[in-house]
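Sequence lines, in order, name chains V and D.
When the letters of the first sequence are read in order and numbered with the UniProt record's numbering, they come out as residues 1 to 309.
When the letters of the second sequence are read in order and numbered with the UniProt record's numbering, they come out as residues 1 to 309.
Notes follow the structure.
2 protein chains.
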Amino acid sequence: MAKRLIFGHRNPDTDAITSAIAYAHLKRELGEDVEPVALGEPNPETQFVLSHFGVSAPRVIERVAGEVDEVILVDHNERQQSAPDADQVKVVEVIDHHRIANFETADPLYYRAEPVGCTATILNKLYKEKNVSIPRHVAGIMLSAIISDTLLLKSPTCTEEDVKAARELAELAGVKLEEYGLQMLKAGADLSQKTVGELLTLDAKEFQMGNHKVEIAQVNAVDVNDVLAKKAEILQAIEKKIAEKGLDLFFFVVTDILNNGSVGLALGRAAHAVEEAYGVKLEDHQALLKGVVSRKKQIVPVLTEVLSK
Amino acid sequence: MAKRLIFGHRNPDTDAITSAIAYAHLKRELGEDVEPVALGEPNPETQFVLSHFGVSAPRVIERVAGEVDEVILVDHNERQQSAPDADQVKVVEVIDHHRIANFETADPLYYRAEPVGCTATILNKLYKEKNVSIPRHVAGIMLSAIISDTLLLKSPTCTEEDVKAARELAELAGVKLEEYGLQMLKAGADLSQKTVGELLTLDAKEFQMGNHKVEIAQVNAVDVNDVLAKKAEILQAIEKKIAEKGLDLFFFVVTDILNNGSVGLALGRAAHAVEEAYGVKLEDHQALLKGVVSRKKQIVPVLTEVLSK
Numbered sequence: 001m002a003k004r005l006i007f008g009h010r011n012p013d014t015d016a017i018t019s020a021i022a023y024a025h026l027k028r029e030l031g032e033d034v035e036p037v038a039l040g041e042p043n044p045e046t047q048f049v050l051s052h053f054g055v056s057a058p059r060v061i062e063r064v065a066g067e068v069d070e071v072i073l074v075d076h077n078e079r080q081q082s083a084p085d086a087d088q089v090k091v092v093e094v095i096d097h098h099r100i101a102n103f104e105t106a107d108p109l110y111y112r113a114e115p116v117g118c119t120a121t122i123l124n125k126l127y128k129e130k131n132v133s134i135p136r137h138v139a140g141i142m143l144s145a146i147i148s149d150t151l152l153l154k155s156p157t158c159t160e161e162d163v164k165a166a167r168e169l170a171e172l173a174g175v176k177l178e179e180y181g182l183q184m185l186k187a188g189a190d191l192s193q194k195t196v197g198e199l200l201t202l203d204a205k206e207f208q209m210g211n212h213k214v215e216i217a218q219v220n221a222v223d224v225n226d227v228l229a230k231k232a233e234i235l236q237a238i239e240k241k242i243a244e245k246g247l248d249l250f251f252f253v254v255t256d257i258l259n260n261g262s263v264g265l266a267l268g269r270a271a272h273a274v275e276e277a278y279g280v281k282l283e284d285h286q287a288l289l290k291g292v293v294s295r296k297k298q299i300v301p302v303l304t305e306v307l308s309k
Numbered sequence: 001m002a003k004r005l006i007f008g009h010r011n012p013d014t015d016a017i018t019s020a021i022a023y024a025h026l027k028r029e030l031g032e033d034v035e036p037v038a039l040g041e042p043n044p045e046t047q048f049v050l051s052h053f054g055v056s057a058p059r060v061i062e063r064v065a066g067e068v069d070e071v072i073l074v075d076h077n078e079r080q081q082s083a084p085d086a087d088q089v090k091v092v093e094v095i096d097h098h099r100i101a102n103f104e105t106a107d108p109l110y111y112r113a114e115p116v117g118c119t120a121t122i123l124n125k126l127y128k129e130k131n132v133s134i135p136r137h138v139a140g141i142m143l144s145a146i147i148s149d150t151l152l153l154k155s156p157t158c159t160e161e162d163v164k165a166a167r168e169l170a171e172l173a174g175v176k177l178e179e180y181g182l183q184m185l186k187a188g189a190d191l192s193q194k195t196v197g198e199l200l201t202l203d204a205k206e207f208q209m210g211n212h213k214v215e216i217a218q219v220n221a222v223d224v225n226d227v228l229a230k231k232a233e234i235l236q237a238i239e240k241k242i243a244e245k246g247l248d249l250f251f252f253v254v255t256d257i258l259n260n261g262s263v264g265l266a267l268g269r270a271a272h273a274v275e276e277a278y279g280v281k282l283e284d285h286q287a288l289l290k291g292v293v294s295r296k297k298q299i300v301p302v303l304t305e306v307l308s309k
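In structure tokens:
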């Protein structure tokens, strides 16, 4: 069988990158010819994780069709979040924990999605189902993905299965869950060196919601004021993105990782959807979203509902 | 948790009906409140199966939204094959072995698809993963689904996993695989009492392929000439369906269950796609398709490719 590439979504976060590596490890143990790759450079949090556990960053690719005929997607399925030419290859497997949308195949495939907080939690099950043991460094990066996606098990996306998997993986990785988790989140939340352009692209995803084209960018911060200090410049940059991409809404979400909430900046002709979704009033495009930390669970579904009416 | 309905596709075949029953049994053993239902009456093959193993036919429903808020799909995912108002409820789980298309959710869900010959083969794994034993009558109907979908393990859709599952289930059901399988297929292939209208709707599915609306109906026959004797009437009825539904192609496939091949009748402005897909010439709308027995593996993907160009 020819080699298959395994990769997560564009603007990869820790789960996208480490799940590709962890699933590739499992597949190789089972004798399959696969390579983990990434649709972008690791962010600072992921860099911290890889360096902490001594794992090399995967090769960064832009396109897949010239290189392989078959691919495996982890941590995403939506077309606009995948390789731009993913429609020219065959998707033979998907391991994911998101909604399914803008995804279509001509043939049957292996699709494993579960409504858990992190792809790594599903991979932890697959290792067990296949009776393959998880080495220390792979357990470490899988644990990091769970910490990242669930904000150290505090996000509403976090399920009992994620908690259980995190505890097992911390044991295998030989780290203290709380201590390592805070250290890792802080490493990722250091936004002091970021340009406004970087803040808006670090973890940005595009969605089709009803007839609306929506982009939602999220950053984690130890102090949201570090980011809001640049608000004027951020608003200008968002206006420019809306014009360039023909977006109906750009929603920039700055999540306070210590206090469990976010500040949102919403621009575009559909910005009213944010007011309606959260019962808030945008003031100078800004609103406080108490308790909102999860794009997947607390932002995408509620905005989709408002914008699909 | 409020009750959830579990159902297979419209024009249900043996896998669609028995998978709903078998998955509901598993869910109930796990303490969940579910009811298996069906989007149509059992066909003669399925009636034979249910009566052989003493299982009641599931309640037939037309709509779901008035009754429950959440549903579980088995053996299908495409919108046009599901309940007409499935978009008004939340799909919380899908267990399937088909391609994914025309399927979209607002929230994460449990989605388990594997490229195997039959949904029952996946259910057999889920029983093991959950450590629930399969009672004799449930094993019997699951086995029947595999026999039906793989034409007694001879279809190209049949995988090693299906063969393994069929052997295990035959053992649990206390039947001889070959002997029971032939008896069951013959019971389902008795088309002598069928009207032309029934032949064209018994196992018909609609597909969107590129910009084309395609309907593919398939029947299994012990002797294809039993069906072709009514060809003039069949062609007339197909013309009428094309006009009523605005189809670009209606493909009627009569599969010879003893000799591993089919005769196809193709009508509609996109009928040329059949000629291109199989390198055949339609004569009076008819062509012999040697070795073609599987709609899912040998018809849908090749027609989709031709019609998506």
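We put the CB at the ideal spot given by N, CA and C, even for glycine.
Keep in mind it's a predicted model, so treat the numbers as computed, not measured.
Residue i in three-state terms, based on DSSP
| i | result |
| --- | --- |
| V:V37 | strand |
| V:T119 | helix |
| V:I134 | coil |
| V:Q193 | coil |
| D:V253 | strand |
| V:N259 | coil |
| V:M209 | strand |
| V:R79 | helix |
| residue 316 of chain V | With chain V covering 1 to 309 only, the question about residue 316 of chain V has no answer from this structure. |
| V:K125 | helix |
| D:G66 | coil |
| residue 327 of chain D | Lying outside 1 to 309, the shown extent of chain D, residue 327 of chain D is not represented and no answer is given. |
| D:G264 | strand |
| V:E215 | strand |
| D:A270 | coil |
| V:K176 | coil |
| V:E93 | strand |
CA-to-CA distance, residue j to residue i, given in whole angstroms
| i | j | result |
| --- | --- | --- |
| residue 325 of chain D | V:K231 | This structure does not reach residue 325 of chain D, given that chain D is present from 1 up to 309, and the question cannot be answered. |
| V:Q183 | V:Q286 | 29 Å |
| V:Q80 | D:D87 | 23 Å |
| V:H97 | D:D223 | 47 Å |
| residue 314 of chain D | V:L109 | There is no way to answer for residue 314 of chain D, as the model of chain D reaches only from 1 to 309. |
| D:G181 | D:L152 | 6 Å |
| V:L169 | D:H52 | 48 Å |
| D:L199 | D:N225 | 13 Å |
| V:G279 | V:L258 | 24 Å |
| V:T119 | V:T304 | 22 Å |
| V:I134 | D:E29 | 31 Å |
| V:A217 | V:T195 | 14 Å |
| D:I95 | D:V74 | 5 Å |
| D:G8 | V:A277 | 34 Å |
| D:E275 | V:V68 | 30 Å |
| V:P117 | V:E160 | Residue identity differs from the one stated: residue 117 of chain V is Gly in this sequence, not Pro. When rounded, the distance between both Cα atoms is 9 Å. |
| V:A266 | V:F252 | 6 Å |
| D:I234 | V:I21 | 55 Å |
Pair within 8 Å by beta-carbon distance, residue i and residue j
| i | j | result |
| --- | --- | --- |
| V:V219 | V:L249 | no |
| D:T105 | V:A101 | yes |
| V:K281 | V:N11 | no |
| V:G261 | V:K290 | yes |
| V:A139 | V:A189 | no |
| residue 339 of chain V | V:S155 | The structure shown has nothing for residue 339 of chain V, since chain V only spans 1 to 309. |
| V:Y23 | D:A113 | no |
| D:R99 | V:D85 | no |
| D:E78 | D:R4 | no |
Residue i beta carbon near the ligand FMN (any heavy atom closer than 7 Å)
| i | result |
| --- | --- |
| V:E114 | Ligands in the displayed structure: none, and consequently the ligand FMN is not present. |
Quiz item: Between the region 271 to 296 of chain D and chain V, which residues of the former have a C-beta closer than 9 Å to a C-beta of the latter?
Solution: K296
Practice problem: Count the CB pairs spanning the region 47 to 60 of chain D and the region 237 to 247 of chain D that are closer than 8 Å, and state whether there are at least three. | Solution: Judged by pairs of C-beta atoms under 8 Å, the region 47 to 60 of chain D does not touch the region 237 to 247 of chain D, as fewer than three such pairs exist.
Self-check item: Interface positions of the region 100 to 120 of chain D facing chain V (Cβ-Cβ less than 7 Å), listed along the chain
Solution: I100, A101, F103, E104, T105, A106, D107, P108, L109, Y110, Y111, R112, A113, E114 and P115
Exercise. Take every Cβ of the region 27 to 47 of chain V, pair it with every Cβ of the region 55 to 63 of chain V, and state whether three or more of those distances are shorter than 8 Å.
Key: With the cut-off at 8 Å, the region 27 to 47 of chain V and the region 55 to 63 of chain V touch.
Quiz item: Looking at chain V, which residues of the region 35 to 62 of chain D have a Cβ within less than 7 Å of any of its Cβ atoms?
Solution: none
Practice problem: Anything in the region 158 to 178 of chain V with a Cβ closer than 7 Å to a Cβ of chain D? List those residues in chain order, please. | Solution: So the list is empty, because no residue satisfies the distance condition.
Practice problem: Report the residues of the region 201 to 227 of chain D with a CB closer than 7 Å to any CB of chain V, ordered along the chain. | Solution: Of all residues in the region 201 to 227 of chain D, none places a beta-carbon less than 7 Å from a beta-carbon of chain V.
Quiz prompt | Interfacial residues, the region 60 to 89 of chain V to chain D, with Cβ spacing under 8 Å | solution = none
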